[in-house]
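J.: This is the structure, below, for whatever I ask next.
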């Protein structure tokens, strides 16, 4: 439905003397005036039916949303809050994001919406939008102390909060800012699923007429798309699947395309698009996929002409760690074959270094990635000094960087692009590798040195 000329002129009719705006009363009309980035274009926000339903629920209820990715749910809540801030000078909202970068990106979207319709701002602070003659939106990263100086707050959005370790502490600190508003105050707790622990899962799974996983399964299998109810705690529970999206739902192979064309692992696809809650700790690589990666007779004594080789080095850093070097050949069809390696957990620095250099001499045109840590820095410098022909790089395997790398490795294994011989030490590392909540690590009593080595190879490539 197009916006009426009356509403168009109302919003654009800024009274400069009184410094105030006349805003459409209904969010739907307001949203259609705002610019958003959609389908690779800047265009007007034309809400889908499920977004209109979310706005209706948000008027009188706090919300827990279980959603798929790229459905515009966060965009919807931010637009709703912006509309309320334009209508009410006393309105104050907090919007928590996973990281400061995420927070700035959300703030930028709201600022673009303001500019597209002529809404004036009192400050130039991107993450603290104060509407002229209106309310205020503050965009915060997920730290407990972020909200301690906040004024009386009407609405709070916790975005992608299943991925926030300190959600409980953040909520505990933010909730008192709403104490004076009573039933007028709302929380919007929004995320894609991420395991069966933590505050988000507790809120999502409490007070429902049936088990949370059963509801999610029914939404997916019955192709409900968008489903909601009010739980016995008064929260509106929202389930939004990609089938609710009028574009995604037209493609019967939407999920398969994500797996085959973008190399996204099925576990990730099911969590991010299929409302799947995975266990907090689980074997990360499936045994079937690992066994399918075995190939015979792919080891090589030295470099073959016409091929590119990439290497990963995970150095010994104390304890029971192994010093591990892997050499991978990139085949003509862009598959990766592990053709050689060195692995030892006893010996001196000089002894490890000499054996590593001897092996690298057999593959002189390799690209080498070395894990960036105290011992890795020393190995990297020595190798650079003694083998200047090698292209080397220090690789950071901490936090989100490691998660992205191992996810990529999993997709390559599942798509049949990584190969090694049966009983290679890498096999055991992959079999015992675990995802625990938001962390990736070896099982207790095991090592992930060859797994880290593989990550460095991936980054070097």
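In this note's numbering, the protein residues as written are -11 to 449. Glycine included, every Cβ here is placed at the ideal spot set by N, Cα and C.
(1) Excluding the five sequence neighbours on either side, which residues of its own chain have a C-beta within less than 6 Å of the C-beta of residue 351, listed in chain order?
(2) What residue range is occupied by the uninterrupted alpha helix (DSSP H) comprising residue 91?
(3) In terms of residue numbering, what span does the alpha helix (DSSP H) encompassing residue 157 cover?
(4) Among residues of its own chain, excluding the 5 on either side of residue 45, which ones have a beta-carbon nearer than 8 Å to its beta-carbon?
(5) Nearest to residue 325 by CA position, among 10, 55, 409, is which residue?
(6) Spell out the partners DSSP gives residue 66 in its beta bridges.
(7) Count the other CB atoms, across all protein chains shown, that sit within 10 Å of the CB of residue 379; report buried if there are 16 or more and exposed otherwise.
(8) Closer than 7 Å by C-beta to residue 99: which residues in its own chain qualify, once you throw out the five before and the five after it? Chain order, please.
(9) What three-state label does DSSP hand residue 336 in the structure shown?
(10) Do residue 104 and residue 94 have their CB atoms nearer than 8 Å?
(11) Secondary structure at residue 14, three-state DSSP: helix, strand or coil?
(12) Leaving aside the five residues before and after residue 453 along the sequence, list all residues of the same chain whose C-beta is less than 6 Å from its C-beta, in chain order.
(13) Does residue 394 pass the burial test, meaning 16 or more other C-beta atoms within 10 Å, or should it be called exposed?
(14) On the three-state DSSP scale, how would you describe residue 52?
(15) Considering only residues of the same chain and omitting the five flanking positions on each side of residue 374, which have a CB-CB separation below 7 Å?
(16) Under 8 Å between the Cβ atoms of residue 35 and residue 16?
(17) Between the beta-carbon of residue 407 and the beta-carbon of residue 218, is there less than 8 Å?
(18) Answer yes or no: do residue 150 and residue 130 have a C-beta to C-beta separation smaller than 8 Å?
(19) Counting only the same chain and skipping the five closest in sequence on each side, list residues whose C-beta sits under 6 Å from that of residue 67.
(20) In angstroms with no decimal places, state the Cα-to-Cα distance between residue 295 and residue 401.
(21) Taking only the alpha-carbon atoms, compute the straight-line gap between residue 205 and residue 263 and give it to the nearest angstrom.
(22) Residue 82 and residue 144: beta carbons closer than 8 Å?
(23) Per DSSP, residue 41 is paired with what?
(24) Give me, in chain order, the residues of the same chain whose beta-carbon lies closer than 8 Å to that of residue 349; leave out the 5 immediate sequence neighbours on both sides.
(25) Put residue 141 into one of helix, strand or coil per three-state DSSP.
(26) Could you have a look at residue 165 and say whether DSSP puts it in helix, strand or coil?
(27) Expressed to the nearest angstrom, what Euclidean distance is found between the alpha-carbon atoms of residue 63 and residue 428?
(28) On a Cα-Cα basis, can you pick out the residue from 208, 278, 228 that is closest to residue 54?
(29) Would residue 135 and residue 165 be called neighbours here (beta carbons separated by less than 8 Å)?
(30) Between residue 233 and residue 49, how many whole angstroms is the CB-CB distance? I'm expecting something under 8 Å.
(31) For residue 423 and residue 189, which I take to be in contact (beta-carbon distance under 8 Å), what is that distance rounded to the nearest angstrom?
(32) Since residue 101 and residue 132 are thought to touch, with beta carbons under 8 Å apart, how far apart are those beta carbons, to the nearest angstrom?
(33) Please classify residue 14 as buried or exposed, where buried requires at least 16 other C-beta atoms within 10 Å of its C-beta.
(34) Please report how far the alpha carbon of residue 69 lies from the alpha carbon of residue 40, in whole angstroms.
(35) For residue 221 versus residue 186, is the C-beta spacing smaller than 8 Å?
(36) Starting from residue 454, follow the alpha helix (DSSP H) in both directions and report where the run begins and ends.
T.: Checking against the coordinates, here is how it stands:
(1) 291, 297, 315
(2) Per DSSP, residue 91 belongs to the alpha helix (DSSP H) from 88 to 105.
(3) 155 to 162
(4) 51, 216, 224, 226
(5) The candidate whose alpha carbon is nearest that of residue 325 is 409.
(6) For residue 66, DSSP records no beta bridge to any residue.
(7) exposed
(8) Here the set comprises 114, 117.
(9) coil
(10) no
(11) coil
(12) Any question about residue 453 goes unanswered here, given that the chain covers just -11 to 449.
(13) buried
(14) strand
(15) 345
(16) yes
(17) no
(18) no
(19) Around residue 67: 19.
(20) 21 Å
(21) 8 Å
(22) yes
(23) None, per the DSSP bridge assignment.
(24) 375
(25) Correct three-state label for residue 141: coil.
(26) helix
(27) 30 Å
(28) 228
(29) yes
(30) The C-beta distance from residue 233 to residue 49 rounds to 23 Å, too long to meet the 8 Å contact threshold.
(31) Not a contact, Cβ separation roughly 15 Å.
(32) Wrong, their Cβ atoms sit about 29 Å apart, outside the cutoff.
(33) It counts as exposed.
(34) Residue 69 and residue 40 have their alpha carbons spaced roughly 14 Å apart.
(35) no
(36) Residue 454 is absent from the model: the chain starts at -11 and stops at 449.
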